[in-house]
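Residue numbers (our numbering), protein chains in the order written: chain P, 4 to 114; chain A, 14 to 127.
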C-alpha cells in the first residue's frame, strides 16, 4: 500500500463545476503539499499546510490531521484548471524533509 | 526572475551511454533534490543534497550519480548501470533542509533511451 493515496485517479468535469480531490496518508507528517503539474511537465506548488484550511483564489485546501486526510477543492472550475494534481506528505521526523508523493489526479475540465 | 532551470527538456540516449541532466537554481536554496516520475506512479526520490558539497542517496539511487560542488547546481548523471532509465526527471529545491519547507520544481527533463 502506498503511503500517500489519491482519489480519483482521473476526473472529468464541466466548466463551472465544483471539484474535490482527496488525499489520504498513512505516515506521520509535518506538512501536506498540493502540487499542480501542467501538461508540459513542470510542477507548481499550490499549498503547503499542516492544519486547518488554506484558500487561494478558487482553490481551497483542507487537512484533518486526526483522520490523516486532505482535500483540494476547486470552485467554478475552468478549462485552464486541467492538469495533474499531486498530493505529497513531508517531514516524517524532525530531521527528515523527505516528501512522499501520491500518484496524482488527472483533471480535465471541458468547456 | 528566480527559479529552477532544467536542461535539456528532451534527451535521447543510446543504451550503454552515460548522460548528465542539468539543474540550476538562483533561489539561494540550500537543499536540492532529484526525482523520477513514471506513468501512474508518484515521484520517487533519487538523490538529495542538504547543503553544498553534501549529497545522500534516496529511495532509488542505483544507477545514478550526482555532485554538489556549487550551491546553485545539482547535476544528475544517469549511468549505463541504470536498467530502466527512460522516465521523466524532476529537480527541486527548498530554502533549507528541514520540516515545513516549500519545494520549488523545475520543468523536468524527459529522457528516452533508444
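For each residue, glycine too, the CB sits at the ideal point set by N, CA and C.
Span of the beta strand (DSSP E), counted from its first residue to its last, around residue 105 (chain A): 100-107
Residues bridged to residue 76 (chain P) [DSSP beta-bridge criterion]: P:23, P:63
Residue 33 (chain A) to residue 18 (chain P) span [Cα, whole Å]: 42 Å
Enclosing beta strand (DSSP E) for residue 95 (chain A) [first to last residue]: No beta strand (DSSP E) holds residue 95 (chain A); DSSP gives it neither H nor E.
For residue 81 (chain A), three-class secondary structure by DSSP: coil
Given 8 Å, three or more beta-carbon pairs between the segment 53-68 of chain P and the segment 6-16 of chain P: no
Span separating the alpha-carbon of residue 130 (chain A) from that of residue 35 (chain A): The structure shown does not extend to residue 130 (chain A), since chain A spans only 14 to 127, so no value can be given for it.
Residue 83 (chain P), buried or exposed, once every other Cβ within 10 Å from all chains shown has been counted against 16: exposed
Option in P:23, P:60, P:112, P:103 with minimal Cα separation from residue 56 (chain A): P:103
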